[in-house]
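Q: Here the sequence shown is numbered in the numbering used here, starting from 1 and rising by one per residue.
Even glycine gets a Cβ: it sits at the ideal position worked out from N, Cα and C.
Bear in mind that the values here come from a model prediction, so they are computed numbers and not experimental data.
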Amino acid sequence: MPAATAVTTTLSASQARRVALAAQGLHRPRPAAAPGLRQVTAAVRRLGVLQIDSVNVVARAHLVPLFSRLGPYDVGLLDRLHSRAPRRLVEAWAHEASFVPVETWPLLEWRRRAVRDHAWGAISRAALDHPAELVAVREVLAERGPVTASRMHALLEERGGPARQASEQWGWNWSAAKRVLEYLFFTGEVVSAGRTTQFERLYDLPERVLPREVLDAGPFSDAEAVKGLLEVGARAHGVATVRDLRDYFRLRRGVTNALVPTALAELVEEGTLEPVAVDGLRGPWYRHRDAALPRRADGAALLSPFDPLVFERSRLEELFGTTYRIEIYVPAHQRVHGYYVLPFLEGERITARVDLKADRAAGVLRVQSAHREPWATDQTADMLAEELRSMAGWLGLDDVVGALDRH
Numbered sequence: 001m002p003a004a005t006a007v008t009t010t011l012s013a014s015q016a017r018r019v020a021l022a023a024q025g026l027h028r029p030r031p032a033a034a035p036g037l038r039q040v041t042a043a044v045r046r047l048g049v050l051q052i053d054s055v056n057v058v059a060r061a062h063l064v065p066l067f068s069r070l071g072p073y074d075v076g077l078l079d080r081l082h083s084r085a086p087r088r089l090v091e092a093w094a095h096e097a098s099f100v101p102v103e104t105w106p107l108l109e110w111r112r113r114a115v116r117d118h119a120w121g122a123i124s125r126a127a128l129d130h131p132a133e134l135v136a137v138r139e140v141l142a143e144r145g146p147v148t149a150s151r152m153h154a155l156l157e158e159r160g161g162p163a164r165q166a167s168e169q170w171g172w173n174w175s176a177a178k179r180v181l182e183y184l185f186f187t188g189e190v191v192s193a194g195r196t197t198q199f200e201r202l203y204d205l206p207e208r209v210l211p212r213e214v215l216d217a218g219p220f221s222d223a224e225a226v227k228g229l230l231e232v233g234a235r236a237h238g239v240a241t242v243r244d245l246r247d248y249f250r251l252r253r254g255v256t257n258a259l260v261p262t263a264l265a266e267l268v269e270e271g272t273l274e275p276v277a278v279d280g281l282r283g284p285w286y287r288h289r290d291a292a293l294p295r296r297a298d299g300a301a302l303l304s305p306f307d308p309l310v311f312e313r314s315r316l317e318e319l320f321g322t323t324y325r326i327e328i329y330v331p332a333h334q335r336v337h338g339y340y341v342l343p344f345l346e347g348e349r350i351t352a353r354v355d356l357k358a359d360r361a362a363g364v365l366r367v368q369s370a371h372r373e374p375w376a377t378d379q380t381a382d383m384l385a386e387e388l389r390s391m392a393g394w395l396g397l398d399d400v401v402g403a404l405d406r407h
């Protein structure tokens with residue numbers, strides 16, 4: 001917070017939660033009518049970022065946050081937004097691998113330029129480690145795009161060029177072609193034109209994918225880009241700490257460390273952000289000028305482990321009093337709540353959490369385990385059951401099996 005700026009507004013913790021939920025579109029019951037393209041587009045724009053993850057225990061990570069806010073919706077509408085012209089979403093390294101509105105893509109140019117600082121080893125070194133493949137991949141993309149990594153690997157082999165397999169960190173066995181494609185994707189020389197039914201990324205040249213106005217936008221200085229991303233994050237949070245704002249687009253390393261404080265000060269001076277206090281919580285906190293404070297929060301939703309509301313686990317613990325971590329990578333005997341656990345939001349509190357699995361072979365949504373939270377109400381079990389039935393129907397499953405843990 002700028003030293004000369006005094007805090008004049010104090011929010012109770014309850015008020016801060018309601019501001020946060022309203023900003024995320026989680027403060028009220030979902031509309032009864034089936035959402036269309038306009039509603040899906042508006043929901044994504046409100047969030048500013050949808051994290052992509054290949055985990056498909058329930059549904060792909062980027063699909064569930066929209067169900068949480070819109071209820072059962074046609075996932076083909078989201079696919080249309082990022083895979084058909086005129087595209088309204090594009091994949092980018094944002095929070096992690098994410099869908100973002102196309103207007104945000106130019107604001108991430110600083111990260112694409114800083115590939116050596118922000119990409120992991122095998123990708124940041126790809127151009128140096130695989131120069132022959134780099135030339136060949138560029139030629140194939142110009143001639144044949146869009147193309148998947150597996151198809152690119154095959155095409156390079158057909159040409160008789162090098163496309164050797166290489167095994168390195170995380171146990172991945174990526175071909176040199178895949179590493180080069182990921183390097184070019186990180187730098188923005190190629191973009192995603194969509195995904196196949198097997199969730200493989202289709203790589204293509206930006207001029208064949210992105211709208212002309214996006215390609216012509218900018219250039220933005222690093223300072224302008226960081227300021228723009230902070231504002232997007234602040235709008236999506238409603239009220240947030242500096243830590244929260246940094247986390248939304250991972251503005252925590254390299255050039256951003258120096259630029260964030262100045263950008264925050266400018267947003268405060270312009271009136272975009274207002275420094276506020278939250279009763280009982282360490283600050284400073286910043287409230288976006290467009291943030292609403294509803295009189296109550298009476299929505300209900302299951303939240304993906306990758307939902308923007310729970311991105312920052314410290315924020316969830318401070319503001320909502322819920323300690324949460326995803327336990328996929330925890331050995332089974334050490335898990336506390338389960339493998340793929342979804343918090344259940346009821347009103348302005350997390351009142352339960354459930355370990356779910358979509359058993360598509362059996363046609364059921366399995367509740368592996370369920371746990372009440374301290375803020376559970378007399379209605380929690382019934383509301384959670386209703387939400388589980390709604391999710392099962394959305395997933396095309398016939399039934400829900402399992403019961404709420406009563407202790």
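How far does the alpha helix (DSSP H) with residue 320 in it extend, from its first residue to its last?
A: Residue mapping note: residue 320 aligns to position 320 of the sequence shown, counting from 1. Run containing residue 320: 313-320, per the alpha helix (DSSP H) assignment.
Q: Flag this pair as yes or no: are the beta carbons of residue 211 and residue 86 separated by less than 8 Å?
A: The residue labelled residue 211 in the question sits at position 211 within the sequence shown. The residue labelled residue 86 in the question sits at position 86 within the sequence shown. Yes; because the gap between Cβ atoms is below 8 Å, this pair is in contact.
Q: Taking a contact to mean a Cβ-Cβ separation below 8 Å, would you say residue 92 touches residue 105 in this structure?
A: In the sequence shown, residue 92 corresponds to position 92, counting from 1. In the sequence shown, residue 105 corresponds to position 105, counting from 1. Yes, Cβ-Cβ distance for residue 92 and residue 105 is below 8 Å.
Q: Whole-angstrom Cβ separation of residue 449 and residue 342, contact assumed at under 8 Å?
A: Outside the displayed range of the chain (1 to 407) lies residue 449, so it cannot be described from this structure.
Q: Using only CA atoms, which one of 321, 272, 315 lies nearest to residue 374?
A: One-based indexing of the sequence shown puts residue 374 at position 374. Ranking 321, 272, 315 by CA distance to the CA of residue 374 puts 321 first.
Q: Using the DSSP secondary-structure output, state which residues sit across from residue 203 in a beta bridge.
A: Here residue 203 refers to the residue found at position 203 of the sequence shown. 147, 192, per the DSSP bridge assignment.
Q: Given that a residue counts as buried once 16 or more other Cβ atoms are within 10 Å of its Cβ, and exposed if not, what is residue 280?
A: Start at 1 with the first residue of the sequence shown, and residue 280 comes out as number 280. It counts as exposed.
Q: In whole angstroms, give me the CA-to-CA distance for residue 265 and residue 55.
A: The residue you call residue 265 lines up with position 265 of the sequence shown. The residue you call residue 55 lines up with position 55 of the sequence shown. Rounded to whole angstroms, residue 265 and residue 55 show a C-alpha spacing of 39 Å.
Q: In whole angstroms, give me the CA-to-CA distance for residue 248 and residue 175.
A: By 1-based counting over the sequence shown, the position of residue 248 is 248. By 1-based counting over the sequence shown, the position of residue 175 is 175. Using only the alpha carbons, I get a separation of about 31 Å.
Q: Since residue 275 sits in a beta bridge, which residues does DSSP pair it with?
A: In the sequence shown, residue 275 corresponds to position 275, counting from 1. In the DSSP output, where bridge partners are listed per residue, residue 275 has 286.
Q: Among 232, 84, 142, which residue has its Cα nearest to the Cα of residue 205?
A: Numbered from its first residue, the sequence shown carries residue 205 at position 205. Closest option to residue 205, Cα to Cα, is 142.
Q: Go ahead and pull the three-state DSSP assignment for residue 110.
A: On the sequence shown, residue 110 is found 110 positions in, with the first residue counted as 1. Note: residue 110 maps to helix in three-state DSSP.
Q: So for residue 379, helix, strand or coil by DSSP?
A: Numbered from 1 along the sequence shown, position 379 holds the residue referred to as residue 379. In the structure shown, residue 379 sits in coil (DSSP, three-state: anything other than H, G, I, E or B).
Q: Can you tell me where the alpha helix (DSSP H) holding residue 24 begins and where it ends?
A: Sequence index remark: in the sequence shown, residue 24 carries index 24 (1-based). Its alpha helix (DSSP H) spans residues 13-24.
Q: On the criterion of 16 or more Cβ atoms from any shown chain inside 10 Å, does residue 34 qualify as buried, or is it exposed?
A: As a working mapping, residue 34 is identified with position 34 in the sequence shown. Burial call: exposed.
Q: Applying the criterion that 16 or more other CB atoms from any shown protein chain within 10 Å of the CB defines a buried residue, is residue 38 buried or exposed?
A: Residue numbering aside, residue 38 sits at position 38 when the sequence shown is read from its first letter. It is exposed - the Cβ of residue 38 has fewer than 16 other Cβ atoms within 10 Å.
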